[in-house]
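Enquirer:
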Amino acid sequence: MGIEPQPFLQKDSVSEKLKNKIWNILCIYIFRGDEHGTLASRFLSKYAYYFGLNKDTLSGYIYGFKRQLYERLGKERYSVYNHIEFFCRISNSDTFIKALNQALTEENSNYRVSEEGLVLPISNEKELETVNEATTSPYAPVNKHIQKAISLFKNEPADYANSIKESISAVEALCQIIIEDENATLGKAIKKLKEKGVIIPPALEEAFNKLYGYTSNAGGIRHALSEGDTPPTFDDAKYMLVSCSAFVNYLISKMI
501 MGIEPQPFLQ KDSVSEKLKN KIWNILCIYI FRGDEHGTLA SRFLSKYAYY FGLNKDTLSG
561 YIYGFKRQLY ERLGKERYSV YNHIEFFCRI SNSDTFIKAL NQALTEENSN YRVSEEGLVL
621 PISNEKELET VNEATTSPYA PVNKHIQKAI SLFKNEPADY ANSIKESISA VEALCQIIIE
681 DENATLGKAI KKLKEKGVII PPALEEAFNK LYGYTSNAGG IRHALSEGDT PPTFDDAKYM
741 LVSCSAFVNY LISKMI
């Protein structure tokens, strides 16, 4: 018997080993070993509603439901990770999320669970920390744009173009707050930051002006794609989400 090779990153699938680790974590933190208990008063109705299922087709007993659940998990990443997000709503335990992330890390998954219980396709731990920080800034409009960017990024099917739009909109929203002009474009707002005491290096200012130009030009993200335009990819959207989150965090640190 040969050794089963592990992928460098599990991006488009979930290995049997990872699925089993996630299953075992669910058994420990969600079902708690009570094979004879009922689910009716706990989350059966929420589960049926969340996944658009007929509740009458689901077993109301933990033993029966667990069998159905294991079959429903499958090996498709969207099924496994959608279930993780559902159960994160049921359990707010930090140790539950920590256990899930440990399993995802051990099995080289390209995904991690955020503090908010969202499964994010970000491979680098530092990148995940950057995005997490940006979603919990003191500014609600900024958080909303970043959270929307995440949702569009991880949807099935993903909407990378609008994810990029929301990422850059988060930066724009923060700059509008800093210069106290809710109608200013990002290009205009960045130029006025220094008037409010927020000084950024000219090269960084130029870089974000160019990124804004990329999203705003005739063939860019904020306009419908024309024939011959290349739609943005996973890597494009990931880069923008992480970069814009980092810039948001950077600007906030300069405001202190």
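Just so you know, the sequence shown maps onto residues 501 to 756 in my numbering. The beta carbon of each residue, even a glycine, is placed where N, CA and C say it ideally should be.
1. According to DSSP, is residue 620 helix, strand or coil?
2. Measuring straight from C-alpha to C-alpha, what distance separates residue 513 and residue 650?
3. Of the residues 520, 692 and 585, which one's Cα is nearest the Cα of residue 546?
4. Considering residue 752, what are the terminal residues of the alpha helix (DSSP H) in which it resides?
5. Are the segment 588-597 and the segment 522-534 in contact at 8 Å, needing three or more beta carbon pairs?
6. Within 10 angstroms of its Cβ, does residue 625 collect 16 or more other Cβ (buried), or is it exposed?
7. Identify whether residue 639 lies in helix, strand or coil by the three-state DSSP scheme.
8. For chain C, check one thing: does any of its Cβ atoms lie closer than 7 Å to the Cβ of residue 640?
9. Taking the beta carbon of residue 607 as the centre, do at least 16 other beta carbons fall within 10 Å, making it buried, or is it exposed?
10. Can you say whether residue 731 is buried or exposed, counting buried as having 16 or more other CB atoms within 10 angstroms of its CB?
11. Just to confirm before moving on: does the CB-CB distance between residue 696 and residue 679 stay below 7 Å?
12. Straight-line CA distance for residue 550 to residue 699?
13. Grouping DSSP H, G and I as helix and E and B as strand, with all else coil, what is residue 687?
14. For residue 525, which of 664, 598, 662 and 640 has the nearest alpha-carbon?
15. Going along the chain, which residues of its own chain have a beta-carbon closer than 6 Å to the beta-carbon of residue 633, five neighbours each way excluded?
16. In chain order, what residues of the same chain lie with their CB nearer than 7 Å to the CB of residue 559, ignoring the 5 residues before and after it?
17. When the Cα atoms are used, what is the spatial distance from residue 621 to residue 555?
18. Around the Cβ of residue 602, are there at least 16 other Cβ atoms within 10 angstroms (buried) or fewer (exposed)?
19. Mind checking which residues open and close the alpha helix (DSSP H) that includes residue 581?
20. Assuming residue 646 and residue 630 make a contact with CB atoms under 8 Å, what is their CB distance in whole Å?
21. Going by C-alpha to C-alpha distance, which of 600, 562, 583 and 637 sits closest to residue 751?
Expert: Per the coordinate set shown:
1. Here residue 620 is taken as the residue at index 120 of the sequence shown, counted from 1. Reduced to three states, the DSSP call for residue 620 is strand.
2. The residue you call residue 513 lines up with position 13 of the sequence shown. The residue you call residue 650 lines up with position 150 of the sequence shown. Taking the straight line from one Cα to the other gives about 19 Å.
3. Taking the sequence shown and counting its residues from 1, one reaches residue 546 at position 46. Of 520, 692 and 585, the residue nearest in Cα terms is 585.
4. Taking the first residue of the sequence shown as 1, we reach residue 752 at position 252. First-last of the alpha helix (DSSP H) with residue 752: 734-755.
5. yes
6. Here residue 625 corresponds to residue number 125 of the sequence shown, with the count starting at 1. Result: exposed.
7. Taking the first residue of the sequence shown as position 1, residue 639 is located at position 139. Correct three-state label for residue 639: coil.
8. Protein chains in the displayed structure number just one, and chain C is not present.
9. The residue given as residue 607 occupies position 107 in the sequence shown. Residue 607 comes out buried.
10. Against the sequence shown, residue 731 aligns to sequence position 231. Result: exposed.
11. Translated into positions along the sequence shown, residue 696 becomes position 196. Translated into positions along the sequence shown, residue 679 becomes position 179. Yes, Cβ-Cβ distance for residue 696 and residue 679 is below 7 Å.
12. Residue 550 sits at position 50 when you count from the first residue of the sequence shown. Residue 699 sits at position 199 when you count from the first residue of the sequence shown. In this structure, the CA atom of residue 550 is about 46 Å from the CA atom of residue 699.
13. One-based indexing of the sequence shown puts residue 687 at position 187. Annotated three-state conformation of residue 687 is helix, per DSSP.
14. Here residue 525 refers to the residue found at position 25 of the sequence shown. Out of 664, 598, 662 and 640, 598 has the C-alpha closest to the C-alpha of residue 525.
15. Indexing the sequence shown from 1 puts residue 633 at position 133. Only 749 meet the Cβ criterion.
16. Residue mapping note: residue 559 aligns to position 59 of the sequence shown, counting from 1. So the qualifying residues of the chain are 565 and 568.
17. For this step, residue 621 is matched to residue 121 along the sequence shown. For this step, residue 555 is matched to residue 55 along the sequence shown. C-alpha separation (whole angstroms): 31 Å.
18. Along the sequence shown, one-based indexing puts residue 602 at 102. Sixteen is the threshold: since fewer than 16 other Cβ atoms of the shown chains lie within 10 Å of the Cβ of residue 602, the residue is exposed.
19. Residue numbering aside, residue 581 sits at position 81 when the sequence shown is read from its first letter. It spans 577-590 - the alpha helix (DSSP H) in which residue 581 sits, taken as one unbroken run.
20. Looking up residue 646 in the sequence shown gives position 146. Looking up residue 630 in the sequence shown gives position 130. Their Cβ separation, rounded to whole angstroms, is 10 Å, which puts residue 646 and residue 630 out of contact at 8 Å.
21. In the sequence shown, the residue the question calls residue 751 occupies position 251. Comparing Cα positions, the closest option is 637.
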